[in-house]
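Participant:
Numbering (this note's numbering), first residue to last: 44 to 143.
1) Would you report the Cα separation of residue 96 and residue 55, rounded to the nearest angstrom?
2) Express the C-alpha separation of residue 81 and residue 75 in angstroms, rounding to a whole number.
3) Output yes or no for whether 7 Å exceeds the beta carbon distance between residue 128 and residue 121.
4) Once the 5 residues before and after residue 110 are set aside, which same chain residues still bring their CB inside 8 Å of it?
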């Protein structure tokens with residue numbers, strides 16, 4: 044019969060080493076836990092970017108609709124972006140200097 048020490052070194056120690064190696068491979072291998080965590084973080088960043096882009100698209104869609112059908116908005120946009128004036132309207136431009 045083998046001694047408990049020999050039993051430990053022949054069966055238990057190699058088992059522990061195999062578990063450590065497999066655990067290390069799962070944690071740090073090419074497709075291990077670290078990779079999964081990195082991919083999940085990247086996925087979340089893409090989802091946030093998609094939400095921002097969808098919100099920007101919605102704002103643009105609303106602006107397009109207003110430019111198609113809202114005469115007041117068209118006038119405001121033309122005045123703001125093209126500097127257009129109504130009849131008998133005057134624009135005064137002031138130099139922005141430091142106020143004393």
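Ideal placement from N, C-alpha and C gives every residue a C-beta, glycine not left out.
Facilitator: According to the structure data:
1) Residue 96 and residue 55: Cα-Cα distance of roughly 56 Å.
2) Roughly 10 Å between the two C-alpha positions.
3) No, Cβ-Cβ distance for residue 128 and residue 121 is not below 7 Å.
4) Counting only Cβ-Cβ distances below 8 Å, and skipping sequence neighbours, we find 116, 117 and 120.
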